[in-house]
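Number of protein chains: 4
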Amino acid sequence: MTEKLDEWETTKRIETLVDGIFAIAMTLLVLNLSIPQLTSSVSNITVENYLLALIPKLFTYALSFIILAIFWRVNHQQFYKIKRANPLFLWITVIWLLFVALVPFSTSLMGEYGNTQSANIFFNTNLLLIGIFSGLIWYYATKKGFIDKELSREKIIELNKINLLLPIVALIAIGASFVIPAYSTLAYLAIPLVKWIIKA
Amino acid sequence: MTEKLDEWETTKRIETLVDGIFAIAMTLLVLNLSIPQLTSSVSNITVENYLLALIPKLFTYALSFIILAIFWRVNHQQFYKIKRANPLFLWITVIWLLFVALVPFSTSLMGEYGNTQSANIFFNTNLLLIGIFSGLIWYYATKKGFIDKELSREKIIELNKINLLLPIVALIAIGASFVIPAYSTLAYLAIPLVKWIIKA
Amino acid sequence: MTEKLDEWETTKRIETLVDGIFAIAMTLLVLNLSIPQLTSSVSNITVENYLLALIPKLFTYALSFIILAIFWRVNHQQFYKIKRANPLFLWITVIWLLFVALVPFSTSLMGEYGNTQSANIFFNTNLLLIGIFSGLIWYYATKKGFIDKELSREKIIELNKINLLLPIVALIAIGASFVIPAYSTLAYLAIPLVKWIIKA
Amino acid sequence: MTEKLDEWETTKRIETLVDGIFAIAMTLLVLNLSIPQLTSSVSNITVENYLLALIPKLFTYALSFIILAIFWRVNHQQFYKIKRANPLFLWITVIWLLFVALVPFSTSLMGEYGNTQSANIFFNTNLLLIGIFSGLIWYYATKKGFIDKELSREKIIELNKINLLLPIVALIAIGASFVIPAYSTLAYLAIPLVKWIIKA
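Structural data, given as structure tokens:
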């Protein structure tokens with residue numbers, strides 16, 4: 024099923040771009056934690072209260088950082104096996120990265136308006152799209168034979184199942200956005216449970 | 024036609040700089056999607072309206088992200104073949120990167136004032152210059168014999184033609200800026216068509 | 024003591040992510056040095072006074088840059104030896120990076136409110152957590168046998184001791200935050216002394 | 024003259040950090056080209072005037088981008104030869120990077136207040152310090168024998184001379200800051216001339 028590929032279509036430089044975009048997106052998350060510039064001299068209590076009010080934003084920062092790390096790890100696992108590419112494969116990866124690079128914005132939206140339905144739907148849809156394209160990368164690469172031959176059919180199907188994990192949780196979170204917007208992101212804490220169900 | 028080169032003039036570290044600047048420029052695009060910081064507690068409808076008003080900026084974000092990815096891919100293809108360098112080659116690459124790193128600014132200009140002629144001309148001229156210098160990289164490298172020998176004359180000419188693709192589309196978009204400023208960037212959707220004409 | 028590992032769990036791409044996040048966090052520190060945008064034309068004295076008032080922020084910039092470089096160097100030293108990984112090891116590293124990426128924020132907090140106790144406690148606690156997780160990376164890797172075999176038991180213990188250095192200094196700085204908040208960060212200048220005591 | 028080194032003290036990961044910090048510093052320069060957010064609908068002339076007023080900032084952007092590229096190229100040339108390191112060598116490199124990462128700030132200062140003496144002295148002193156530490160890297164590495172043996176004494180001295188180039192030009196620019204502040208940076212255009220004098 025492998026098609027004829029241009030020799031330069033390897034995944035080495037794609038990996039470099041992926042690692043770069045993840046490193047930057049993960050570090051840009053911190054820019055959402057801006058501090059107000061008070062011109063007058065401030066008391067210790069003012070700063071303390073300010074930091075306490077920052078706790079929801081710190082939670083969103085940690086959540087987004089860890090979710091991005093999960094997606095990076097999944098990609099790490101996929102690209103260990105995927106060694107060739109074609110133009111369509113590259114474009115699926117680029118669209119996936121487009122949604123990855125959007126996470127700092129979605130996160131800032133959640134940090135400011137995390138108690139509104141709209142912000143929750145936007146954030147969870149962003150994660151859903153990352154999950155779908157991450158799954159597409161693996162599905163397309165296995166279909167086109169871009170992976171090492173020695174990977175068994177069972178292993179490929181198992182990895183396809185794992186790829187369903189984050190989209191499913193994101194869908195649950197989108198549903199929760201309509202009922203309990205302020206707590207929809209807690210759905211991601213259910214990942215270990217869903218992981219166990221899929222594997223069972 | 025190959026000249027005597029200093030042994031350290033390889034393209035390995037240039038590639039690292041290129042990948043780094045692309046990854047950062049692509050991720051910085053997201054900073055244009057800033058959200059207004061409303062101090063009062065906001066309703067869901069407010070956030071929803073705000074997000075709907077953001078759609079043109081999201082379109083510009085996606086367009087710039089994909090155009091940068093196209094240029095990165097072209098460079099990826101070029102540098103697979105180019106293995107040596109000289110000072111002038113490095114400087115052509117640096118000027119090219121200077122215009123690449125300018126894209127987040129051009130994009131923010133389009134996001135804010137995309138319906139004005141000036142913004143469209145600035146944005147499209149930026150892409151035109153990236154396209155021209157990208158073409159120069161390939162033209163100079165082939166002229167100086169910095170590429171692998173086994174590349175046929177036909178292949179080199181074919182790649183020179185492909186390098187004309189983006190400058191041509193950028194020129195069309197600049198022209199369109201004078202007639203229909205708000206829609207000039209739609210010209211880039213014509214890339215598949217122009218690609219077909221050039222190859223024909 | 025080595026467990027069965029998935030073959031793809033190497034530290035090569037983790038290193039790339041670590042280097043990326045450090046390079047970005049170290050460069051983002053500079054964003055705290057913002058200049059006021061005065062619309063009227065300003066005299067030379069105004070700019071001079073502004074730059075003199077910036078000296079404490081420049082000190083904080085340099086301090087954070089160097090502390091991040093110290094942690095990067097420790098990681099560099101650790102990962103030269105650590106060649107394998109498992110999921111838990113990866114997650115310890117990710118949490119460590121989460122606190123590394125937080126440093127530009129802690130630094131901006133210190134730059135604005137460095138004379139308050141709260142800002143000093145936040146900054147020093149951030150460094151304490153980086154130090155603890157940096158130590159955990161080494162402790163867990165040696166316990167699980169992820170390092171090269173030829174490292175002697177004495178060397179491992181010595182490196183475990185070095186890992187205590189930064190947490191100890193951070194604890195001293197936290198203590199100092201309660202007494203002399205504006206000068207708590209001077210504790211980090213004591214690093215050479217503590218280094219000498221630990222080795223003795 | 025070579026001392027006993029820890030085996031892990033190679034320059035491979037230092038190179039990665041250097042390339043990362045340069046790529047980010049060069050791309051962050053663009054953040055100085057911010058556009059005013061006008062809430063009312065603006066005419067084409069308004070945007071055109073705004074862009075014309077931006078020309079001095081675009082010049083400063085290009086100048087800083089190219090100067091950083093020059094320093095990156097010098098480092099590229101140095102590290103092709105330097106293969107080992109010790110703690111002091113690493114710290115010289117870190118201090119050098121500290122001043123490299125400061126360039127986006129110096130540039131923004133020049134972009135806003137480029138006609139004042141203070142801004143010019145700050146900017147040129149920043150470049151002077153980068154030049155001095157860049158020279159120190161090469162001087163220390165050759166003195167300690169961290170470079171490949173086959174480099175002739177003449178070549179080492181020649182490269183030491185080249186390292187004087189940027190500090191000399193920076194000193195000229197600092198001098199010019201006292202006489203013609205608004206044009207001090209034009210001194211850098213004299214680099215090709217000074218290069219010719221040093222080599223003669």
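Chains as they are written, first to last, in my numbering: chain W, 24 to 223; chain C, 24 to 223; chain A, 24 to 223; chain G, 24 to 223. Glycine included, each C-beta is placed from N, C-alpha and C at the ideal position.
Close beta carbons around residue i, own chain, < 8 Å, minus the five adjacent residues each side
{"i": "P190/C", "result": "L151, G154, I155 and G158"}
{"i": "Y84/G", "result": "L52, V53, N55, L56, T130 and G134"}
{"i": "Q100/C", "result": "L182"}
{"i": "V123/A", "result": "I44, F45, A48, L91, F94 and I153"}
{"i": "P79/C", "result": "G134 and G137"}
{"i": "D171/G", "result": "K104 and K106"}
{"i": "L111/G", "result": "Y163"}
{"i": "V217/W", "result": "L188, I191 and V192"}
Residue i and residue j closer than 8 Å at C-beta
{"i": "V126/G", "j": "S87/G", "result": "yes"}
{"i": "L113/C", "j": "R96/G", "result": "yes"}
{"i": "S66/G", "j": "N143/G", "result": "no"}
{"i": "A164/C", "j": "V192/C", "result": "no"}
{"i": "N109/A", "j": "K166/A", "result": "no"}
{"i": "I89/W", "j": "V117/A", "result": "yes"}
{"i": "W119/W", "j": "I179/W", "result": "no"}
{"i": "T34/C", "j": "F102/C", "result": "yes"}
{"i": "L74/C", "j": "S175/W", "result": "no"}
{"i": "T139/W", "j": "P215/W", "result": "no"}
Span of the alpha helix (DSSP H) around residue i
{"i": "E177/W", "result": "R176 to V202"}
{"i": "D171/G", "result": "Premise fails: D171/G is in no alpha helix (DSSP H) and is neither H nor E."}
{"i": "A48/G", "result": "K35 to L51"}
Residue i at chain W interface by Cβ criterion, 8 Å
{"i": "I47/C", "result": "yes"}
{"i": "A92/C", "result": "yes"}
{"i": "A108/C", "result": "no"}
{"i": "P127/A", "result": "yes"}
{"i": "L51/A", "result": "yes"}
Chain A contact for residue i (CB, 8 Å cutoff)
{"i": "I135/G", "result": "Correcting the residue identity first, residue 135/G is Glu in this sequence and not Ile. It does; some Cβ of chain A falls within 8 Å."}
{"i": "D42/W", "result": "yes"}
{"i": "T139/G", "result": "yes"}
{"i": "L121/G", "result": "yes"}
{"i": "V217/W", "result": "no"}
Beta-carbon proximity list for residue i, same chain, < 6 Å, skipping 5 on both sides
{"i": "S207/C", "result": "N143, A196, A199 and S200"}
{"i": "F169/C", "result": "I105 and R107"}
{"i": "F146/G", "result": "S129 and M133"}
{"i": "E38/C", "result": "F102"}
Within-8 Å CB hit, residue i to chain G
{"i": "L75/C", "result": "no"}
{"i": "V70/A", "result": "yes"}
{"i": "V117/C", "result": "yes"}
{"i": "T83/C", "result": "no"}
{"i": "A142/C", "result": "yes"}
Chain C within 8 Å of residue i, Cβ atoms only
{"i": "I89/G", "result": "yes"}
{"i": "W95/G", "result": "yes"}
{"i": "L174/W", "result": "no"}
{"i": "S157/W", "result": "no"}
{"i": "A124/W", "result": "yes"}
heavy atom of the ligand NAD below 7 Å from residue i C-beta
{"i": "G137/G", "result": "In the structure on display, the ligand NAD does not appear, and there are no ligands present to speak of."}
Whole runs of the beta strand (DSSP E) within the segment 56-122 of chain G, excluding any shorter than 3 residues
none
Starting from the N-terminal side, write out each stretch of the alpha helix (DSSP H) that is 4 residues or longer and does not extend beyond the segment 121-160 of chain C.
126-136
Positions along the segment 183-211 of chain A whose CB lies within less than 7 Å of some CB in chain B
Annotation note: the requested chain B is absent from the structure, which comprises protein chains W, C, A and G.
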